[in-house]
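S.K.: Residue numbers (our numbering): 21 to 309.
Beta carbons: idealized from backbone N, C-alpha and C, even for Gly.
Structure incoming, see below.
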DNA sequence: AAGGTAACCTGACTGC
DNA sequence: TGCAGTCAGGTTACCT
């Protein structure tokens with residue numbers, strides 16, 4: 021479910037309902053997520069004000085000022101199946117509803133069947149939230165001006181991994197999940213099994229550009245469904261993009277008509293067109309003086 | 001040190 | 001209907 025666009029759309033959807041608001045009560049219904057939820061949080065967050073929200077990679081960040089004036093940040097990861105929505109206080113609690121932020125007129129509710137999501141508290145007295153262990157080693161943000169072909173080229177030139185696997189690793193650029201990794205490589209006409217280090221400089225330019233384009237388009241598409249985050253029936257807060265290759269094995273390529281292929285890389289499905297996406301020939305050895 | 005792999009969970013779907 | 005098997009959009013821990 022949530023790749024970077026879904027996380028950003030979630031943030032845009034909930035922000036107007038939580039920023040500047042006081043948490044009347046924080047309820048842990050089920051603390052069992054990827055890591056157990058800190059049981060001190062209900063006390064810590066009682067009467068805390070959420071000042072603003074941010075995002076780093078696929079982490080949502082809620083900045084808080086507690087009743088005792090302690091400043092901190094909540095790091096929320098949606099994992100594979102997590103979702104956040106704004107509901108009426110009277111809304112029936114569903115199976116897999118884990119957490120409630122109760123405000124005066126509404127509730128922010130976290131739902132996560134597979135429990136791969138997480139919630140961490142970071143005390144800002146311990147330093148900037150970006151120094152949190154979960155955020156410290158993340159790659160650059162895709163919309164950062166410094167993320168360009170140069171950056172990609174510099175960071176993949178030593179990596180022997182397949183480019184699809186390297187993109188997913190999150191230490192080069194964040195936010196490119198399994199769906200968009202396949203989609204981006206298709207748009208760049210790059211075969212997903214190409215060793216990262218053998219990409220040309222031109223292909224790196226294309227990668228950076230298309231990552232920005234694809235993620236931006238997905239966020240904009242999601243923006244039109246923002247209302248789904250409020251008082252939704254809970255079936256889905258996400259949105260369906262049109263995919264060129266993802267989950268289209270056996271169907272015709274939108275460009276050439278040949279069958280889309282499905283392979284497995286690093287235990288994840290990869291989809292591509294074997295005709296449109298060619299492996300890069302290894303660079304010839306360069307002799308230096 | 002980089003790369004490969006198992007593991008963490010539940011639910012939806014497929015085929016027998 | 002039921003049961004077994006497979007798959008799912010993420011990340012970490014551990015091994016080589």
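In chain order, which continuous runs of the alpha helix (DSSP H) of length 4 or greater are located wholly inside the region 184-230?
M.R.: 198-207
S.K.: So, for residue 255: in the same chain, excluding its five sequence neighbours on each side, which residues have a beta-carbon less than 6 Å away from its beta-carbon?
M.R.: On the first chain, residue 255 is found 235 positions in, with the first residue counted as 1. Note that residue 255 scores 40 on pLDDT, short of 50, meaning its location in the model is unreliable; the coordinates nonetheless yield the value given after this. Nothing meets the Cβ criterion.
S.K.: Identify whether residue 299 lies in helix, strand or coil by the three-state DSSP scheme.
M.R.: Position 279 of the first chain, counted from the start, is the residue given in the question as residue 299. Looking at residue 299 - three-state DSSP - the assignment turns out to be coil, as it is neither helix nor strand.
S.K.: Using three-state DSSP, classify residue 113 as helix, strand or coil.
M.R.: The residue you call residue 113 lines up with position 93 of the first chain. In the structure shown, residue 113 sits in coil (DSSP, three-state: anything other than H, G, I, E or B).
S.K.: Start and end of the beta strand (DSSP E) containing residue 64?
M.R.: As a first step, residue 64 is located in the first chain; it is residue number 44 there, counting from the start. Counting along the chain, residue 64 falls outside any beta strand (DSSP E), though it belongs to the alpha helix (DSSP H) covering 61-65.
S.K.: How about the region 209-229 and the region 181-191: do they share at least three Cβ pairs that are nearer than 8 Å?
M.R.: The answer is yes - the region 181-191 touches the region 209-229, with three or more Cβ pairs under 8 Å.
S.K.: DSSP state of residue 25, grouped into three classes?
M.R.: As a working note, residue 25 is residue 5 in the first chain. Helix at residue 25.
S.K.: Is DSSP giving residue 36 helix, strand or coil here?
M.R.: As a working mapping, residue 36 is identified with position 16 in the first chain. Helix.
S.K.: Roughly how many angstroms separate the alpha carbons of residue 306 and residue 269, rounded to a whole number?
M.R.: For the purposes of this step, residue 306 is taken as the residue at position 286 of the first chain. For the purposes of this step, residue 269 is taken as the residue at position 249 of the first chain. Confidence in residue 306 is poor, its pLDDT being 44 and thus under 50, which makes the residue's placement too unreliable to answer from.
S.K.: What is the C-beta distance between residue 119 and residue 49, in whole angstroms, given that I count them as a contact (C-beta under 8 Å)?
M.R.: Numbered from 1 along the first chain, position 99 holds the residue referred to as residue 119. Numbered from 1 along the first chain, position 29 holds the residue referred to as residue 49. Indeed, because the Cβ distance is near 7 Å, the residues count as touching under 8 Å.
S.K.: Nearest-angstrom Cα distance between residue 19 and residue 272?
M.R.: The structure shown does not extend to residue 19, since the chain is modelled only from 21 to 309, so the question has no answer here.
S.K.: Take every Cβ of the region 123-135, pair it with every Cβ of the region 46-61, and state whether three or more of those distances are shorter than 8 Å.
M.R.: Between the region 123-135 and the region 46-61, the count of Cβ pairs shorter than 8 Å is three or higher; the stretches touch.
S.K.: Just to confirm the assignment, what range does the beta strand (DSSP E) spanning residue 280 have?
M.R.: Translated into positions along the first chain, residue 280 becomes position 260. Neither: residue 280 is in no beta strand (DSSP E) and is coded neither H nor E.
S.K.: Among residues of its own chain, excluding the 5 on either side of residue 55, which ones have a beta-carbon nearer than 7 Å to its beta-carbon?
M.R.: Residue mapping note: residue 55 aligns to position 35 of the first chain, counting from 1. Excluding sequence neighbours, residue 55 sits near 138.
S.K.: When DSSP builds the beta bridges, which residues end up paired with residue 121?
M.R.: As a position in the first chain, residue 121 is number 101, starting the count at 1. For residue 121, which the question treats as bridged, DSSP gives the partners 46 and 128.
S.K.: When the Cα atoms are used, what is the spatial distance from residue 64 to residue 155?
M.R.: Reading the first chain from its first residue, position 44 is the one you call residue 64. Reading the first chain from its first residue, position 135 is the one you call residue 155. The straight-line gap from Cα to Cα measures roughly 22 Å.
S.K.: In chain order, what residues of the same chain lie with their CB nearer than 8 Å to the CB of residue 180, ignoring the 5 residues before and after it?
M.R.: The residue given as residue 180 occupies position 160 in the first chain. Here the set comprises 215, 216 and 217.
S.K.: Per the DSSP calculation, residue 93 is bridged to which residue(s)?
M.R.: The residue given as residue 93 occupies position 73 in the first chain. Beta-bridge partners of residue 93 (DSSP): 83 and 142.
S.K.: Does residue 280 pass the burial test, meaning 16 or more other C-beta atoms within 10 Å, or should it be called exposed?
M.R.: As a first step, residue 280 is located in the first chain; it is residue number 260 there, counting from the start. The residue is buried, with at least 16 neighbouring Cβ atoms inside 10 Å.
S.K.: Between which two residues does the beta strand (DSSP E) holding residue 176 run?
M.R.: Translated into the one-based positions of the first chain, residue 176 becomes position 156. No beta strand (DSSP E) holds residue 176; the alpha helix (DSSP H) holding it covers 169-176.
S.K.: So who's on the other strand from residue 136, going by DSSP bridges?
M.R.: Sequence index remark: in the first chain, residue 136 carries index 116 (1-based). None; residue 136 has no bridge partner.
S.K.: Looking only at C-alpha atoms, which of 40, 77, 172 and 57 sits nearest to residue 84?
M.R.: For the purposes of this step, residue 84 is taken as the residue at position 64 of the first chain. When each option's Cα is compared against that of residue 84, the closest is 40.
S.K.: With a threshold of 7 Å on Cβ separation, who are the neighbours of residue 144 within its own chain once the five nearest residues in sequence on each side are excluded?
M.R.: On the first chain, position 124 is the one that residue 144 refers to. Once the five neighbours on either side are set aside, the close Cβ partners of residue 144 are 91, 92 and 93.
S.K.: Distance, Cα to Cα, residue 292 vs residue 299?
M.R.: One-based indexing of the first chain puts residue 292 at position 272. One-based indexing of the first chain puts residue 299 at position 279. Approximately 12 Å, taken between the alpha carbons.
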